[in-house]
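Visitor: A single structure is presented below for examination.
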Ligand code: SF4
Ligand code: SF4
Ligand code: SF4
Ligand code: FES
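Protein chains in written order, with this note's numbering: chain A, 1 to 487; chain B, 488 to 630; chain C, 631 to 948.
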């Protein structure tokens, strides 16, 4: 048995390591995606004033800090039994769509595009954003950078920082939007909408019009069939900020729809000794290990999971692209994991369209940005759709609103099972096809992984230390046959 | 607690009242424990909370600050300033896991040698009961 | 044109925000590309650790290191990059001060493990499985890093040449640092690249220096006066103990400072300095009333040492 290690997995947001076991017949036996790091937010949030959490938890992840800020702010609203004013809610959403736009642009151009635009065969020194710019031209490169900067500017305008934002207070936001800011934001939003259209066009021209890539997307190499999950509004249209969590099965049929306060009835987490990240799964089904298809209890989240779980999008251009994607790929839910990239550019379009709508609403200029809390209820749960999937923050406090318990389930974790499976399937099939494992295959395996846009910054929000040894010995079927403890 | 544990107590004494009071205790042969390391300061108000944290971090088991009685401070408000800082210091120490009894602010005038001895006796006994703080070792883990 | 600089960027116990802040210099990133050969940058490039191991010692001109150090892998890479780099920069609050993850030093390792892997409401783990440095699986053995007892800053592991504060650092500060690097006009070793005075000096809020606080409030409890100093309104703000340079970005959004830039030049411990600053605004000389006023300040340790616990005088809680 030979072990191949890819460490660190580059061009993803956070740390990770892939171990591939190859047997003497040169077949892939198994693949493990290990998350080597944890930081312990759940623990050190204890004892803090709960209203401080929205500015502590974003440091879970600097790539998508806004999502933690939002989930946390919503949880804190609930702790105080207070709702944001209408204006505050809209300002939060404006911020949030700008954040989503910036993140999707960064992922698509800096992290995913190198594989497609520069190509999987290219030398590693050019498989990066600079290589992408060299390929698409400096002008386009500048446009990418400028567009992302515009989205960042809208965030900074409303939230103090462009990265670690500080706007959310229970019952509202800390800062009004001025007339001038709104005009500026509107200008940016219009340009971002154009850029989102442009990105969809690039996707079409570079990827969809290239038969080799379409074949790659459609091949069974990158196929995984799981439950899909995401937030939806009352019409089952996708929503990022609010709504109920909807879960559809491998046939696309709705199986669950739940409110944030019910999450513990539906979601549980499993611990493996070889990784610091936990595996969430559907509780009512129970932990079934790393299997896909009918018997699975694992979920797919993030763009593709979200689109699979929803009945559509509320904005016209994005809705049209959404319909086109499902028509082209022939089936809903889509189980081809590289289609995540397509779903992501469609979402980008939706975010931009929605941002324009939100900024056209005159009520965002009102002074009424905060409801002052009058009581402490002592428990709050906030769920949002992070760019990388469903995100849950759950806090319990004492009567002074000091945190007693915090539980956080991050988006990337919901895709951890899906990633593990996709990697395994891809490695097995690729190795079989090519007969040997070389640098190119390794990159194609990583590619499987980047499709998920995993964010291990997020995933590693806990922080433990060494422990007495507990080893689970499993047989080929994955059943535990022995547990060795050394404690 | 270890029988032969002798607490190390750092005492910041204002030179105008308390230091003189401590001196008086000495010259009038009033008995008090030898656990105190006295540090002369111009005024209790000059004791920066940094000194207190540093004393603990460097191995003190207790810290005592003594100043003139309210109204008697040579610099008018030095001791009033300290009076506001002291409960804040206690509170922070407590949150860091350092027992409140290890830190104390007292007013001792130049003529109160006996009172100084009393205060030193009390804090020494209280800290002795709490046992060694050993913050140097605690700190070692994050050198 | 002079030879290109060899640049490495690494994240240890980091959120990635520091890497993003480098991308956030926007157009300037093309400058960086022109002036530098990037030798290692996991978020953006395909180089692996094994590539770095092969580099000659001191062959990297500048390494920007972000994130705190908590496990064996991070420590190993910190030492490796120190050896390979002429100039090692602690980039961002985590590397410089321990940062937000440094708050984990309020807890013991086992408490953290128990909370995350056993007690968390959503976890089902009756066998009490915890992650292990070595795990035997059917196909062989898997290794993940060993987690240390406490969080440390980069300087607590290796010698560091410069410090760039901020969570994350601002574009202006990154640009200042890049200008210094590209022009070769480097400040003395050990320099913290930030403002010279404390944050209050660059804060636009009106200060009166009068003692007037009869009651401390939490930011959610009141609609405060946007023009006036927050601390003087009874809202804890870490500005007095914090070095300037961020442009008072939180305060401009009506949110008090939490000190991500680290201590001002004359401050050795943010907590100690804040005790004095807070005391100085209290309007009372009556011990009983003072007690009552300060009892309204929750979690001073978590507020004062939000970003600096591992480098503070006490380093951790008991
Ligand atoms: S300093 Fe802040 S932005 Fe940088 S890695 Fe640490 S938490 Fe993230
Ligand atoms: S205390 Fe805070 S609000 Fe007041 S001047 Fe200083 S930085 Fe500004
Ligand atoms: S105001 Fe304080 S917390 Fe905010 S960015 Fe500046 S130094 Fe950091
Ligand atoms: S001079 Fe004694 S307390 Fe001020």
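All C-beta atoms, glycine included, are put in the ideal place defined by N, C-alpha and C.
Say yes only if the C-beta of residue 837 of chain C is nearer than 7 Å to one or more non-hydrogen atoms of ligand 2, and no if none qualify.
Guide: On the third chain, position 207 is the one that residue 837 of chain C refers to. Yes.
Visitor: I'd like to confirm the pairing. Which residues does DSSP put opposite residue 441 of chain A in its beta bridges?
Guide: Within the first chain, the letter at position 441 stands for residue 441 of chain A. The partner list for residue 441 of chain A (beta bridge, DSSP) is empty, contrary to what the question assumes.
Visitor: Which runs of the alpha helix (DSSP H) spanning at least 4 residues fall entirely within the segment 859-920 of chain C, listed in chain order?
Guide: With a minimum length of 4 residues, the continuous alpha helix (DSSP H) runs that stay inside the segment 859-920 of chain C are 879-882 and 900-911.
Visitor: Can you check whether the CB of residue 599 of chain B is closer than 8 Å to the CB of residue 508 of chain B?
Guide: To locate residue 508 of chain B, count along the second chain from 1; it is residue 21. To locate residue 599 of chain B, count along the second chain from 1; it is residue 112. In contact: residue 508 of chain B and residue 599 of chain B (Cβ atoms closer than 8 Å).
Visitor: So residue 185 of chain A packs on residue 154 of chain A, CB below 8 Å; how close in whole Å?
Guide: On the first chain, position 185 is the one that residue 185 of chain A refers to. On the first chain, position 154 is the one that residue 154 of chain A refers to. With a Cβ gap of about 5 Å, residue 185 of chain A and residue 154 of chain A count as contacting.
Visitor: Below 8 Å on C-beta distance, what does residue 583 of chain B contact in chain C?
Guide: Reading the second chain from its first residue, position 96 is the one you call residue 583 of chain B. Residues of chain C passing the Cβ test: 931, 944, 947 and 948.
Visitor: Find out if the Cβ-Cβ distance for the pair residue 694 of chain C, residue 665 of chain C is shorter than 8 Å.
Guide: To locate residue 694 of chain C, count along the third chain from 1; it is residue 64. To locate residue 665 of chain C, count along the third chain from 1; it is residue 35. Cβ atoms of residue 694 of chain C and residue 665 of chain C: not closer than 8 Å.
Visitor: Name the chain B residues whose beta carbon is nearer than 9 Å to that of residue 702 of chain C?
Guide: As a working mapping, residue 702 of chain C is identified with position 72 in the third chain. Under the 9 Å cutoff, chain B gives no residues; its nearest Cβ is about 16 Å from residue 702 of chain C.
Visitor: Taking Cβ positions only, does residue 650 of chain C come closer than 8 Å to chain A?
Guide: The residue given as residue 650 of chain C occupies position 20 in the third chain. So, interface residue.
Visitor: Just to confirm, are residue 408 of chain A and residue 392 of chain A a CB contact at a threshold of 8 Å?
Guide: As a first step, residue 408 of chain A must be located in the first chain, where it is residue number 408. As a first step, residue 392 of chain A must be located in the first chain, where it is residue number 392. Yes, Cβ-Cβ distance for residue 408 of chain A and residue 392 of chain A is below 8 Å.
Visitor: Say whether chain C places a C-beta atom closer than 8 Å to the C-beta of residue 3 of chain A.
Guide: Here the question's residue 3 of chain A lines up with position 3 in the first chain. Answer yes: the Cβ-Cβ gap between residue 3 of chain A and chain C drops below 8 Å somewhere.
Visitor: By the 7 Å beta-carbon criterion, what residues does the segment 730-744 of chain C contribute toward chain B?
Guide: Here the close residues are 735.
Visitor: Applying the 10 Å Cβ sphere with the 16-neighbour rule, what's the burial state of residue 868 of chain C?
Guide: Numbered from its first residue, the third chain carries residue 868 of chain C at position 238. By the 10 Å Cβ count, residue 868 of chain C comes out buried.
Visitor: Any Cβ of chain A within less than 8 Å of the Cβ of residue 647 of chain C?
Guide: Position 17 of the third chain, counted from the start, is the residue given in the question as residue 647 of chain C. For residue 647 of chain C, the answer is yes, since a Cβ of chain A falls inside 8 Å of its Cβ.
Visitor: Can you say whether residue 680 of chain C is buried or exposed, counting buried as having 16 or more other CB atoms within 10 angstroms of its CB?
Guide: Along the third chain, read from residue 1 onward, the residue named residue 680 of chain C stands at position 50. So residue 680 of chain C counts as exposed.
Visitor: With hydrogens ignored, establish whether the beta-carbon of residue 645 of chain C is closer than 7 Å to any heavy atom of ligand 3.
Guide: Position 15 of the third chain, counted from the first residue, corresponds to residue 645 of chain C. Answer for residue 645 of chain C: no, Cβ out of range of ligand 3.
Visitor: Can you pull the DSSP bridge partners for residue 402 of chain A?
Guide: For the purposes of this step, residue 402 of chain A is taken as the residue at position 402 of the first chain. DSSP output for residue 402 of chain A lists A:49 as bridge partner(s).
Visitor: So which residues on chain C does residue 30 of chain A lean against when the C-beta distance must stay under 8 Å?
Guide: Numbered from its first residue, the first chain carries residue 30 of chain A at position 30. By Cβ distance, chain C contributes 767, 768 and 769.
Visitor: Report the residues of the segment 905-926 of chain C with a CB closer than 7 Å to any CB of chain B, ordered along the chain.
Guide: So the list reads 905, 906, 908, 909, 912, 915, 917, 920, 921 and 924, given in the order they occur along the chain.
Visitor: Considering only their Cβ atoms, is the gap separating residue 91 of chain A from residue 157 of chain A smaller than 8 Å?
Guide: In the first chain, residue 157 of chain A corresponds to position 157, counting from 1. In the first chain, residue 91 of chain A corresponds to position 91, counting from 1. Cβ distance not < 8 Å, so residue 157 of chain A and residue 91 of chain A don't count as in contact.
Visitor: With DSSP run on the structure shown, which of helix, strand or coil describes residue 116 of chain A?
Guide: By one-based count along the first chain, residue 116 of chain A stands at place 116. DSSP places residue 116 of chain A in helix when its eight states are reduced to three.
Visitor: Are the C-beta of residue 869 of chain C and some C-beta of chain B separated by less than 8 Å?
Guide: For the purposes of this step, residue 869 of chain C is identified with residue 239 of the third chain, where counting begins at 1. Closer than 8 Å: no.
Visitor: Below 8 Å CB to CB, which residues in the same chain sit around residue 936 of chain C once its five sequence neighbours on both sides are set aside?
Guide: Within the third chain, numbered from 1, the residue matching residue 936 of chain C stands at position 306. Answer for residue 936 of chain C: 730, 733, 868, 888, 889 and 890, listed in chain order.
Visitor: Does the Cβ of residue 560 of chain B lie closer than 7 Å to at least one heavy atom of ligand 4?
Guide: Taking the first residue of the second chain as position 1, residue 560 of chain B is located at position 73. Yes, since a heavy atom of ligand 4 falls inside the 7 Å radius drawn around the Cβ of residue 560 of chain B.
Visitor: Which partner residues does residue 2 of chain A have in the DSSP bridge list?
Guide: Here the question's residue 2 of chain A lines up with position 2 in the first chain. DSSP output for residue 2 of chain A lists A:22 as bridge partner(s).
Visitor: I need the straight-line Cα distance from residue 448 of chain A to residue 111 of chain A, nearest angstrom please.
Guide: As a position in the first chain, residue 448 of chain A is number 448, starting the count at 1. As a position in the first chain, residue 111 of chain A is number 111, starting the count at 1. Looking at the two C-alpha atoms, the distance is approximately 12 Å.
Visitor: Determine whether the beta carbon atoms of residue 876 of chain C and residue 783 of chain C lie at a separation below 8 Å.
Guide: Along the third chain, read from residue 1 onward, the residue named residue 876 of chain C stands at position 246. Along the third chain, read from residue 1 onward, the residue named residue 783 of chain C stands at position 153. Against a cut-off of 8 Å, the Cβ pair of residue 783 of chain C and residue 876 of chain C comes out as no contact.
Visitor: Per DSSP, residue 531 of chain A is paired with what?
Guide: Because chain A in this structure spans residues 1 to 487, residue 531 of chain A falls outside the shown range and cannot be described.
Visitor: From residue 654 of chain B to residue 547 of chain B, what does the alpha carbon distance come to, in whole angstroms?
Guide: For chain B, the structure presents residues 488 to 630; residue 654 of chain B sits outside this window and is missing.
Visitor: Cβ closer than 7 Å: which chain A residues qualify as neighbours of residue 643 of chain C?
Guide: Locating residue 643 of chain C in the third chain gives position 13, where the first residue counts as 1. Residues of chain A passing the Cβ test: 37 and 39.
Visitor: In chain order, what are the residues with a CB under 6 Å from some non-hydrogen atom of ligand 3?
Guide: Counting every residue whose Cβ lies closer than 6 Å to a heavy atom of ligand 3, we get C:829, C:872, C:876, C:878, C:879, C:880, C:881, C:887, C:888, C:889, C:890 and C:891.
Visitor: Mapping DSSP to helix, strand and coil, what is residue 96 of chain A?
Guide: Start at 1 with the first residue of the first chain, and residue 96 of chain A comes out as number 96. Three-state DSSP puts residue 96 of chain A in a helix.
Visitor: Residue 577 of chain B to residue 909 of chain C, Cα distance in whole Å?
Guide: Reading the second chain from its first residue, position 90 is the one you call residue 577 of chain B. Reading the third chain from its first residue, position 279 is the one you call residue 909 of chain C. Cα to Cα, residue 577 of chain B sits roughly 13 Å from residue 909 of chain C.
Visitor: Is it the case that the Cβ atoms of residue 651 of chain C and residue 163 of chain A are separated by a distance below 8 Å?
Guide: Position 21 of the third chain, counting from 1, holds the residue named residue 651 of chain C. Position 163 of the first chain, counting from 1, holds the residue named residue 163 of chain A. Cβ atoms of residue 651 of chain C and residue 163 of chain A: closer than 8 Å.
Visitor: Distance check for residue 361 of chain A and residue 319 of chain A, CA to CA, integer angstroms please.
Guide: Taking the first residue of the first chain as 1, we reach residue 319 of chain A at position 319. Taking the first residue of the first chain as 1, we reach residue 361 of chain A at position 361. Near 22 Å, if we compare the C-alpha coordinates of residue 361 of chain A and residue 319 of chain A.
Visitor: Determine the burial state of residue 374 of chain A: buried for a count of at least 16 other Cβ atoms within 10 Å of its Cβ, exposed for fewer.
Guide: As a first step, residue 374 of chain A must be located in the first chain, where it is residue number 374. So residue 374 of chain A counts as exposed.
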